[in-house]
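Enquirer: The listed protein sequences correspond, in order, to chains A and B. Residues are numbered in my numbering as their position in the first sequence, beginning at 1, plus a constant of 5. Residues are numbered in my numbering as their position in the second sequence, beginning at 1, plus a constant of 1059. C-beta: ideal position from N, C-alpha, C; glycine also. Here it is: the structure, laid out below.
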Amino acid sequence: MPIEEYRHVIMECVSCGLCQSNCPIYKQTNLESNSAKGKMTILYSLLQGWLDWDEVAERMYECTTCKNCTATCLSGLDIAAVVEAARAELVERGHGNAISKDIAKNLRETHNPFGEGSDARERLKELART
Amino acid sequence: MFKIVEQMKSIVGEENVITSKVDRMAYSRDLTPYLAVPEMIIFVEDTNQVVKILGVASSNDIPITPRGGGASFQGSSLPVRGGIILDLSRMNKILEISKDDLVAIVQPGVRYETFQHELERQGLSFPHDVGSHDAATIGGILASDSNGHHAYRHGRVGSWIQGMEVVLLDGTVLELGTRAPRYNMGYNLSALFAGSQGTLGIITKAILRIVPKMPVSATIGGFFQNLDDLMAASHAITMSGVEAGTLEATDGYTVNTISDVMNLGFPKCEGNFVGDLEGFNEENLQHKLSIMKKILEDHGGENVIIARDEKMNKILWAPRLEIDVAIVDVHPGYREFGFAAADPCVPLTKMADAMRNIGQIIRSHGILAAVFCHTGIGILHPAVLMDPNNSEHWNAMKLAEKEILEYVISIGGIISAEHGFGYVKNNFVRKAVGDTKLNLDQRIKQIFDPKGILNPGKMGLDTDERDEDIEFVFSAYVADKDVRE
């Protein structure tokens, strides 16, 4: 679903900041752009045409989608769903995140997300036996 | 600007000066319908950095707006004249909690609920129960002179400041008070800085009075067919001498909506009452509860409920706290805004009429209203519930806030009793306080901030044509014009 479909959720965010202190990303940085509140303002700015997709990409990927923000949200908003919709549209628009591209490439080439060879799987089997 | 950014980076480190547009946009909001974009965000970690940052800002006449959680309800942490956001959220250490001296020494970025939980772990409390909980920082609470739900019993937070450290624009680090419980030494500057909303200096440390946490507590609620009876009951509780923490009322529309959305089965009513109280032991608590219960029932209170556990407590408080959840269920896309009429105060005898009339004023303009009241202290919290995408709603809100404030003044009330003037009340300040008071306030501002760069555009001190006839929500006011270009 395009991010425009989530405009009403983005507008429902009252920007109270109750999402901040439980956010695992915000707690690391204290940067409001990393909290749900900041993300909703960023996406609002995107919808208004004040920001471009390439400018918002990095901040949208800085989210674990853990939903801690929903647990404390004054309005009970499903922020993770909005972030995931933004990510989906980012990918469609050619702004997939670098790590995902690496994982996809590794899976294609080695069938292992980390790019390790088949011996890694054998080592894991050994570990499981011990 | 490049040179200034480099100077700032040399003070706090490159990673602590943020200039990217995406991040500047993220700092452009609070709970008001306005949007103001800073030119940079600077994170500081100690008092010395604040001194140096203010020095560079002052030398270059750059506006500087302090910000903690950015949870202001009246626009006080919005950079409405652009410039610097001074983000104090990383100055978040609880430096000391002393059970013996009954003081806590904290940095401004400490979150209220985090602070309170740490105190409670040690059997102590900073008992104001600030409504924005962990969204608010101590610096923001002090700079707003907040009330909290328990202001009925404990007053505003300003009177709980035993001492503070404030950085002034000229680089002076002002130390006020000590851990000694009282001081009375000339003008009470702590009281001046409390509520100054960052317009006079930057609070970098506070020594706060704390109290023992009472071991037992309860919440009591009831429903009234008539708001006059509810207010009479509330006043009777006050006159009984029972020391409740808070006495609250919520209007019938809100109670009924929340009851329906959350399936709580509350009776239809014109308003509900909720109060909470503490005791030094169970017998003491039960004695107070029995007095309150009898008063509520004697005044026509129905379904009087006493909550002793978290689950029931949340149900009783739901009408007061859950309107933002309920409204998006009933009207998707609607939300509440911090507007100019969010915290008027009226004489106690006018509260019932004021709740009715203020709700009616808002609804008469075609938008929804929820009206709350701290019944022990006369403060009303009207909430406008509207669709921010609808320009007619925006116009309705602007008309409603003007009418409400005129009404409040007409019945002997005042326009702002809890959140302060911030940005949203700029155009109402002169009429509310009068020329003499405003001129004195401006002269005080001039002493501390002769350049007018500390949180400019706030409290009606330097209002100009930019603050009039503001445009539709969120496109309302963009300090940094290049953002829209």
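What is the residue span of the alpha helix (DSSP H) that B:P1378 lies within?
Expert: 1369 to 1380
Enquirer: With B:M1011 and B:K1264 assumed to form a contact (beta carbons below 8 Å), what rounded beta-carbon distance in angstroms separates them?
Expert: In the structure displayed, chain B extends from 1060 to 1544; residue 1011 of chain B sits before or after that span and is not available.
Enquirer: Of all the options B:S1191, B:L1161, B:S1475, which has the alpha carbon lying nearest to the alpha carbon of B:D1402?
Expert: B:S1475
Enquirer: At a Cβ cut of 7 Å, what residues of the region 11 to 26 of chain A count as close to chain B, listed as they run along the chain?
Expert: The region 11 to 26 of chain A vs chain B, Cβ under 7 Å: H13, M16, E17, V19, S20, C21, G22, L23, Q25, S26.
Enquirer: If we call anything under 9 Å between Cβ atoms a contact, is A:E17 one with B:G1519?
Expert: No, these two residues do not count as a Cβ contact at 9 Å.
Enquirer: For chain A, is any of its Cβ atoms less than 9 Å away from the one on B:A1195?
Expert: By this cut-off, B:A1195 is an interface position.
Enquirer: Cutting at 6 Å between CB atoms, please list the residues of its own chain near B:G1472, excluding the five before and the five after it.
Expert: P1403, C1404, V1405
Enquirer: Whose Cβ in chain B lies nearer than 8 Å to the Cβ of A:I8?
Expert: Neighbours of A:I8 on chain B: none; closest Cβ ~15 Å, over 8 Å.
Enquirer: What is the rounded straight-line gap between the Cα of B:E1544 and the Cα of A:W55?
Expert: Because B:E1544 sits at a pLDDT of 46, beneath the cut-off of 50, its placement in the model cannot be relied upon, and the following sentence gives the value as read from the coordinates. Taking the straight line joining both Cα atoms gives about 8 Å.
Enquirer: Under 7 Å between beta-carbons, which chain B residues line up against A:I47? List them in chain order, please.
Expert: V1081, M1084, A1085
Enquirer: Just to confirm the assignment, what range does the beta strand (DSSP E) spanning B:L1444 have?
Expert: For B:L1444, the uninterrupted beta strand (DSSP E) segment begins and ends at 1438 to 1445.
Enquirer: Just the C-alpha distance for B:D1319 and B:I1200, rounded to the nearest angstrom, thanks.
Expert: So the alpha carbons of these two residues sit roughly 34 Å apart.
Enquirer: Please classify B:P1097 as buried or exposed, where buried requires at least 16 other C-beta atoms within 10 Å of its C-beta.
Expert: buried
Enquirer: Tell me the rounded alpha-carbon separation between B:A1210 and B:G1425.
Expert: 33 Å
Enquirer: B:G1168 and B:H1187: beta carbons closer than 9 Å?
Expert: no
Enquirer: Do we get a CB-CB distance below 9 Å when we pair B:L1090 with the residues of chain A?
Expert: yes
Enquirer: What three-state label does DSSP hand B:I1426 in the structure shown?
Expert: coil
Enquirer: Can you give me the start and stop residues for the alpha helix (DSSP H) that B:R1083 sits inside?
Expert: For B:R1083, the enclosing alpha helix (DSSP H) has its first and last residue at 1080 to 1085.
Enquirer: Of all the options B:V1216, B:I1220, B:S1249, B:M1244, which has the alpha carbon lying nearest to the alpha carbon of B:L1233?
Expert: B:S1249
Enquirer: B:H1192 touches chain A at which residues, Cβ-Cβ below 8 Å?
Expert: L23
Enquirer: Rounded to whole angstroms, what is the Cα-Cα separation between B:G1134 and B:R1180?
Expert: 34 Å
Enquirer: Do we get a CB-CB distance below 9 Å when we pair A:N35 with the residues of chain B?
Expert: Flagged as an interface residue toward chain B: A:N35, by a C-beta distance shorter than 9 Å.
Enquirer: Using the DSSP secondary-structure output, state which residues sit across from B:F1282 in a beta bridge.
Expert: B:N1331, B:E1361
Enquirer: Using a C-beta to C-beta distance shorter than 8 Å, which residues of chain A count as neighbours of B:F1102?
Expert: Per Cβ cutoff of 8 Å: N35.
Enquirer: B:S1148 versus chain A: which residues are under 8 Å apart at the beta carbon?
Expert: N35
Enquirer: At a Cβ threshold of 9 Å, is B:I1386 touching chain A?
Expert: Chain A contact via Cβ: present.
Enquirer: Please report whether the beta-carbon of B:E1460 lies at a distance below 9 Å from any beta-carbon of chain A.
Expert: no
Enquirer: Can you name the start and end residues of the alpha helix (DSSP H) that B:D1310 belongs to?
Expert: Where B:D1310 is concerned, there is no enclosing alpha helix (DSSP H), although the beta strand (DSSP E) it sits in stretches over 1303 to 1310.
Enquirer: For B:F1102, list the residues DSSP reports as bridge partners.
Expert: B:D1146
Enquirer: Going along chain A, which residues have a C-beta under 7 Å from B:A1130?
Expert: C21, G22
Enquirer: Against chain A, does B:T1391 count as a neighbour if the rule is that its beta carbon must be under 9 Å from one of theirs?
Expert: One detail in the question is off: residue 1391 of chain B reads as Pro in this sequence, not Thr. At least one chain A Cβ lies under 9 Å of B:P1391.
Enquirer: Answer yes or no: does any C-beta atom of chain A fall closer than 9 Å to that of B:E1451?
Expert: Residue-level contact check: B:E1451 does not touch chain A, since none of the beta carbons of chain A fall below 9 Å from its beta carbon.
Enquirer: Would you mind stating whether B:I1070 and B:I1112 have Cβ atoms separated by less than 9 Å?
Expert: Yes, Cβ-Cβ distance for B:I1070 and B:I1112 is below 9 Å.
Enquirer: Just to make sure I have the definition right: I need the residues of chain A whose C-beta is within less than 8 Å of the C-beta of B:P1447. Which are they?
Expert: For B:P1447, the neighbours in chain A by C-beta distance under 8 Å run, in chain order, M16.
Enquirer: Hey, A:S38 and B:D1193 are a contact pair by Cβ (cut 8 Å); roughly how many whole angstroms apart?
Expert: Their Cβ separation, rounded to whole angstroms, is 19 Å, which puts A:S38 and B:D1193 out of contact at 8 Å.
Enquirer: Since A:V61 meets chain B, which of its residues come closer than 8 Å, beta carbon to beta carbon?
Expert: V1081
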